[in-house]
Amino acid sequence: MSLSFSALDHQYMAEALRLAARGLPSTDPNPRVGCVLVRERQIVGSGWHRAAGEPHAEALALREAGSRARDAVAYVTLEPCSHLGRTPPCADALIEAGVGEVIAAMPDPYPQVAGRGLARLRAAGIRVRSGLMESQARELNIGFVSRHQRGRPWVRIKLAASLDGRIAGPDGRSQWITSPEARADGQTWRARAGAILTGIGTVLSDDPRLTVRLTGADRQPLRMVLDSGARLPQSARMLEDGGPVKVASLCAPAWSGSGVEWRQLPAGEDGRVGLAGVMDWLTELEVNEVHVEAGPVLAAALVDGGWADELLLYQAPVLLGGGISLMTLPGMEKFDQRLHFQIIDQRRIGPDQRFLLRPKT
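Under this note's numbering, the first residue of the sequence shown is numbered 52, with each subsequent residue one higher.
Here's what the structure looks like:
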């Protein structure tokens with residue numbers, strides 16, 4: 052149920068969303084949630100969910116508020132949970148604390164909650180409203196929503212190109228097209244992902260580690276390589292840190308090692324590992340957001356197959372004059388076949404431009 056909200060309501064929910072955003076790099080596979088408790092126009096408790104297994108935002112806010120939580124208004128960015136998971140139900144905690152009202156930004160898409168938390172609060176006599184700043188809350192948890200509503204993670208493709216759309220020069224060199232500032236910004240997008248996806252071509256040519264290199268980063272996304280011919284070398288640098296690496300292949304693995312899981316998946320129409328099977332595996336692994344850093348072949352396959360939900364494009368103010376194109380889409384031979392994208396966000400990062408784009412529907 053969505054009702055009218057005051058300017059103060061927006062102010063307090065904005066604070067809850069700001070708190071929730073602190074969990075961007077750490078909450079996977081859980082959603083990012085913030086909570087603010089307000090009594091007599093004063094914030095008496097606040098909290099944000101840090102990681103799976105740790106207290107939820109509501110529990111932390113209630114702990115800080117203590118007895119001041121009675122008759123307070125709870126602003127929470129996601130419907131309070133109503134089931135016993137790694138932690139007790141937050142709806143029950145709010146009821147026991149005696150809050151007077153709960154304002155939720157959006158319902159929880161998780162099937163075991165999905166309206167039950169709000170219903171439990173109403174049944175206990177607590178006033179409940181929802182829909183305040185829902186679009187902002189949804190953006191914050193776009194991968195969590197995707198996994199539970201569409202049955203697959205949100206796929207974001209990171210690209211770096213010149214003004215003339217080249218990802219490498221005529222000599223094949225690609226390091227570095229964009230600035231240090233753009234590369235540092237890219238690290239923050241890696242950090243929020245549940246998995247980093249690449250192709251064997253990128254591994255063989257660039258030998259990337261695909262790790263998050265940010266101060267204080269305490270969680271590394273899993274890394275997945277699409278390797279139809281099982282060519283991943285044991286000397287690959289991404290295997291050195293012992294972090295989880297998943298390899299999707301058409302063949303039986305040539306070797307096995309600690310921290311590496313191989314899985315044979317069916318082929319797609321192009322004869323390579325089928326992307327539908329890859330998405331199923333990522334969903335099984337409870338990955339909310341997939342960050343793709345790959346070459347033009349895999350990027351094009353994701354776009355052409357309708358798997359690309361978002362493009363994160365860094366464009367440097369340079370001309371390369373030739374070299375490797377951003378991507379070549381199969382079957383696209385006429386101008387009228389062009390794909391349209393909408394710009395969700397555009398900003399300057401150092402000397403470069405960063406675009407966040409989504410397919411127009």
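Heads up, the beta-carbon is just placed ideally off N, CA and C, and yes, glycines get one too.
Can you check DSSP and say which residues form a bridge with Thr128? According to DSSP, which records beta bridges pairwise, Thr128 is partnered with nothing at all.
Through-space distance from Pro259 to Ile251, alpha-carbon basis: 11 Å
Grouping DSSP H, G and I as helix and E and B as strand, with all else coil, what is Cys302? coil
3-residue-minimum beta strand (DSSP E) runs that sit fully inside the region 184-219, ordered along the chain: 205-212 and 217-219
Proximity winner among Arg69, Leu191 and Thr229, relative to Pro82 (alpha-carbon distances): Leu191
Could you check the C-alpha separation between Leu283 and Gly245 for me, to the nearest Å? 22 Å
Going by the CB atoms, is the gap between Ile177 and Phe150 shorter than 8 Å? Phe is not the amino acid found at residue 150; the sequence shown has Val there. Yes.
By Cβ distance, which residues of its chain are closer than 7 Å to Ala165, with the 5 residues on each side in sequence left out? Pro158 and Asp159
What does DSSP give as the partner residues of Lys411 in its beta bridges? None; Lys411 has no bridge partner.
Which residues in the same chain have their Cβ closer than 6 Å to the Cβ of Trp227, if we skip the five residues on either side of it in sequence? none
Decide if Asp396 is buried, meaning its Cβ has at least 16 other Cβ atoms within 10 Å, or exposed. exposed
Between Tyr365 and Arg241, what straight-line distance do the alpha-carbon atoms span, to the nearest angstrom? 14 Å
Give me the Cα-Cα distance between Gly223 and Thr262, rounded to the nearest whole angstrom. 24 Å
Can you tell which of Leu371, Phe56 and Gly96 has its C-alpha closest to the C-alpha of Asp87? Note that residue 87 is Val in the sequence shown here, rather than Asp. Closest by alpha carbon: Gly96.
Along the chain, where does the alpha helix (DSSP H) that runs through Trp240 open and close? Pro231 to Arg243
Ile247 and Leu363: beta carbons closer than 8 Å? no
Mind checking who Leu273 pairs with in its DSSP beta bridge? Ala246
According to DSSP, is Gly117 part of a helix, a strand, or is it coil? helix
Exposure of Ser77, with buried meaning 16 or more beta-carbon neighbours within 10 Å: buried
Under 8 Å, do Ala299 and Leu316 count as touching if we go by C-beta distance? yes
Let's see if you can read the secondary structure: which residues bound the beta strand (DSSP E) around Ala155? Glu152 to Ala155
Just to confirm my understanding: we take Trp205, look at its own chain, exclude 5 residues before and 5 after, and list those with CB closer than 6 Å. What are they? Ile193, Gly194, Ser197, Glu340 and Asp360
Element boundaries [beta strand (DSSP E), containing Glu443]: With the chain represented from 52 up to 412, any question about residue 443 goes unanswered, as that position is not in the structure.
Which stretch, first to last residue, makes up the beta strand (DSSP E) that contains Gln397? Phe392 to Ile400
From Ala108 to Asp387, what distance separates their C-alpha atoms? 49 Å
Considering Cα atoms alone, identify which of Ser230, Ala120, Glu91 and Tyr161 is closest to Ala212. Ser230
Please report how far the alpha carbon of Ala144 lies from the alpha carbon of Ala110, in whole angstroms. 7 Å
Express the C-alpha separation of Pro80 and Asp60 in angstroms, rounding to a whole number. 29 Å
Using the three-state DSSP reduction, which class does Gly325 fall into: helix, strand or coil? coil
Distance, Cα to Cα, Leu390 vs Pro410? 8 Å
Given Met52, which residues of its chain have a CB within under 7 Å of its CB, disregarding the five upstream and five downstream residues? Here Met52 scores only 43 on pLDDT, less than 50, and its place in the model should not be relied on; the value that follows carries that caveat. If we look at Met52 and ignore the five residues flanking it on each side, its Cβ neighbours are Arg180 and Ser181.
Tyr63 (DSSP reduced to helix, strand or coil): helix
Spatially closest choice to Gly216 from Leu370, Lys385 and Asp403, by CA coordinates: Leu370
With a threshold of 16 other CB atoms inside 10 Å of the CB of Arg270, please say whether the residue is buried or exposed. exposed
Just to confirm before moving on: does the CB-CB distance between Leu380 and Asp355 stay below 8 Å? yes
Along the chain, where does the alpha helix (DSSP H) that runs through Pro90 open and close? Note on identity: in this sequence residue 90 is Arg, with Pro being the wrong assignment. That residue, Arg90, is in no alpha helix (DSSP H); its beta strand (DSSP E) goes Gly85 to Arg90.
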